[in-house]
């Protein structure tokens, strides 16, 4: 069974998790997800790029009520989840947030992770992306 | 000399929750008839009509109940800015000399609870909705949090604005929410998307509103105190604006379409924000009223704390805002909401606003709507 992305266009890699965006060859604007035209200069020469996997929390909230469709309720039922924008330097990305909202603060360091969503047709997990407080990860170089 | 436009009649089907059998279109017809009666004109006299509804049918179908006069009838569907765009369209028809008399009507009948949006309608792929990012109230909460943080404002301000809305609703016989709610109760209420609680967010509702516009040089024959539509302007977003349903933002923040629409409308009217004596701002949530005060130029960023602490935005203050209770106390039938704003300002400028009447015979009013996916329409009205 292979983990698959909810939309392959979002990722340049699942392991390690990396998001894919696009950069305008004319004005340098970076978008997420990748798009065919530049929202800033209206150019159409867009190159696919990998986005940084670390940034800072720009704003956030918690989705406390179950959204209507097309939201897909997880098999185990709805529970509130964090949502925010994470500043990656060249682009600010909207994202589900992992971790305890009680600790969320504008400006805190965040890091990309995968977000399990539901089981695909073959039972393998379907994932999206999330950012979690960087403190929740093992220190850099500390991997066993 | 260019043709000027005046409001000569207003009609409101009160917003709220009504009989399930009462359709949006029926409310639209009722509001239209009230506005025509207020102006003392017949439907057959109307030479141009514009109608707005987001979810409750095609407005031009109203001709089947109002009368098949052959009138040109334009339908508008621009989210929360629908009524503002409809008003601009009708005013332009008068200015272009197509007609001397126009009707603008907006109506909607929404299901309970937050709106459900389709990703495809907004140019997004399915993942955006399926993973739970496409919820309008999330955006309101996140824009509020960022704005309060950036300008050093307290979260309590969100409750102060909501409490003011319900106090105003108490004074407005047409309001949906007519009971004052304390700041404490608002702060302690069910959290929807923090920092927003249930009383800080407006609810989708039902209702209709209509206005009759006329060439200003003929308005005095129709109306004792016509209100001049000094200017109306509408804008879509520019690059960098923080908008609902945005999977990404550029790191250099831009300004919202409200800033552009407000600048344009004041320039066109030859007036400044400081001339405004009574205002209506889009208050989809109480934070929206706070940042729209600054985006429309009515105050500087960060100055809201002092103004609101001093009750300057109450009907008795220096800059009364949303004297009819706004979206928070009336709910938001999307197609009608901007016309409710215009009606409140017209009543204020005519001295017909009853218990919520602003003192001192205001002469300059302002309205502002803002909607997804980044559109704003503003008017300047003068008495």
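Residue numbers (our numbering), protein chains in the order written: chain A, 676 to 819; chain B, 18 to 400.
C-beta: ideal position from N, C-alpha, C; glycine also.
Starting from residue i, find everything on chain B with Cβ-Cβ shorter than 9 Å and list it in chain order.
i: residue 704 of chain A; result: 256, 267
i: residue 836 of chain A; result: The shown model of chain A, from 676 to 819, leaves out residue 836 of chain A, and the question about it has no answer.
Return yes when the Cβ of residue j is within less than 8 Å of the Cβ of residue i, no when it is not.
i: residue 223 of chain B; j: residue 350 of chain B; result: yes
i: residue 250 of chain B; j: residue 281 of chain B; result: yes
i: residue 106 of chain B; j: residue 122 of chain B; result: no
i: residue 261 of chain B; j: residue 156 of chain B; result: yes
i: residue 787 of chain A; j: residue 694 of chain A; result: yes
i: residue 781 of chain A; j: residue 266 of chain B; result: no
i: residue 124 of chain B; j: residue 54 of chain B; result: no
i: residue 79 of chain B; j: residue 44 of chain B; result: no
i: residue 312 of chain B; j: residue 276 of chain B; result: yes
i: residue 696 of chain A; j: residue 708 of chain A; result: yes
i: residue 392 of chain B; j: residue 98 of chain B; result: yes
i: residue 231 of chain B; j: residue 117 of chain B; result: yes
i: residue 170 of chain B; j: residue 343 of chain B; result: no
i: residue 93 of chain B; j: residue 74 of chain B; result: no
i: residue 710 of chain A; j: residue 152 of chain B; result: no
i: residue 680 of chain A; j: residue 802 of chain A; result: yes
i: residue 146 of chain B; j: residue 804 of chain A; result: no
i: residue 57 of chain B; j: residue 227 of chain B; result: no
i: residue 111 of chain B; j: residue 103 of chain B; result: no
i: residue 366 of chain B; j: residue 398 of chain B; result: yes
i: residue 304 of chain B; j: residue 216 of chain B; result: no
i: residue 178 of chain B; j: residue 306 of chain B; result: yes
Smallest Cα separation from residue i: which of the options?
i: residue 273 of chain B; options: B:287, B:320, B:253; result: B:253
i: residue 34 of chain B; options: B:317, B:320, B:129; result: B:129
i: residue 742 of chain A; options: A:733, A:734, A:752, A:678; result: A:752
i: residue 335 of chain B; options: B:344, B:150, B:287, B:323; result: B:323
i: residue 347 of chain B; options: B:366, B:300, B:369, B:320; result: B:300
i: residue 62 of chain B; options: B:71, B:86, B:325, B:68; result: B:86
i: residue 175 of chain B; options: B:158, B:188, B:191; result: B:158
i: residue 373 of chain B; options: B:46, B:190, B:270; result: B:190
i: residue 400 of chain B; options: B:72, B:244, B:178; result: B:244
i: residue 302 of chain B; options: B:162, B:398, B:113, B:126; result: B:162
i: residue 108 of chain B; options: B:369, B:22, B:81, B:356; result: B:22
i: residue 687 of chain A; options: A:676, A:776, A:769, A:724; result: A:724
i: residue 31 of chain B; options: B:101, B:114, B:186, B:134; result: B:186
i: residue 38 of chain B; options: B:339, B:127, B:208, B:368; result: B:127
i: residue 812 of chain A; options: A:800, A:774, A:699; result: A:774
i: residue 384 of chain B; options: B:375, B:82, B:354; result: B:354
Any beta carbon from chain A within less than 8 Å of residue i's own beta carbon?
i: residue 143 of chain B; result: yes
i: residue 88 of chain B; result: no
i: residue 390 of chain B; result: no
i: residue 190 of chain B; result: no
i: residue 351 of chain B; result: no
Determine, for residue i, whether the minimum Cβ-Cβ distance to residues of chain B falls below 8 Å.
i: residue 729 of chain A; result: no
i: residue 819 of chain A; result: Only weak support is given to the placement of residue 819 of chain A: the predicted model assigns it a pLDDT of 37, under 50, and the value that follows is read from those uncertain coordinates. No - not a single Cβ of chain B is within 8 Å of the one on residue 819 of chain A.
i: residue 708 of chain A; result: yes
i: residue 795 of chain A; result: no
i: residue 720 of chain A; result: no
i: residue 752 of chain A; result: no
i: residue 758 of chain A; result: yes
i: residue 798 of chain A; result: no
i: residue 685 of chain A; result: yes
Just to confirm, does residue i get its C-beta within under 7 Å of one of the non-hydrogen atoms of the ligand FMN?
i: residue 771 of chain A; result: This structure lacks the ligand FMN; in fact it carries no ligand of any kind.
At 7 Å on the CB atoms, spell out the chain A contacts of residue i, in chain order.
i: residue 263 of chain B; result: 769
For residue i, return the contacting residues in chain B, with the cut-off set at a CB-CB distance below 7 Å.
i: residue 740 of chain A; result: 209
i: residue 803 of chain A; result: 144, 148
i: residue 714 of chain A; result: 256
i: residue 689 of chain A; result: Here the premise fails: no neighbours, minimum Cβ distance about 14 Å.
i: residue 734 of chain A; result: 159, 162, 163
i: residue 737 of chain A; result: 210, 211
Can you list the residues of chain A that residue i reaches, using a CB-CB cut of under 9 Å?
i: residue 133 of chain B; result: 742, 743, 744, 745, 746
i: residue 379 of chain B; result: Within 9 Å Cβ-Cβ: nothing; residue 379 of chain B doesn't reach chain A, min ~36 Å.
In chain A, which residues lie less than 8 Å from residue i when you measure between Cβ atoms?
i: residue 136 of chain B; result: 745
List the residues of chain B that residue i touches, going by C-beta distances under 8 Å, in chain order.
i: residue 682 of chain A; result: 142, 143, 144
i: residue 765 of chain A; result: 268
i: residue 792 of chain A; result: 147, 148
(request) Could you run through the region 143-172 of chain B and flag, in chain order, every residue whose CB is less than 8 Å away from some CB of chain A? (result) From the region 143-172 of chain B, only 143, 144, 146, 147, 148, 149, 150, 151, 152, 155, 158, 159, 160, 162, 163, 166 have a Cβ closer than 8 Å to chain A.
(request) Output, in sequence order along the chain, the residues in the region 315-338 of chain B whose CB is closer than 7 Å to any CB in chain A. (result) Residues of the region 315-338 of chain B with a C-beta atom less than 7 Å from some C-beta of chain A do not occur.
(request) May I ask you to list, following chain order, the residues of the region 200-215 of chain B that have a beta carbon less than 9 Å from some beta carbon of chain A? (result) From the region 200-215 of chain B, only 207, 208, 209, 210, 211, 212, 213 have a Cβ closer than 9 Å to chain A.
(message) Closer than 8 Å between beta carbons: that is the criterion. Which residues of the region 771-782 of chain A meet it against chain D?
(response) No chain D is part of this structure, whose protein chains are labelled A and B.
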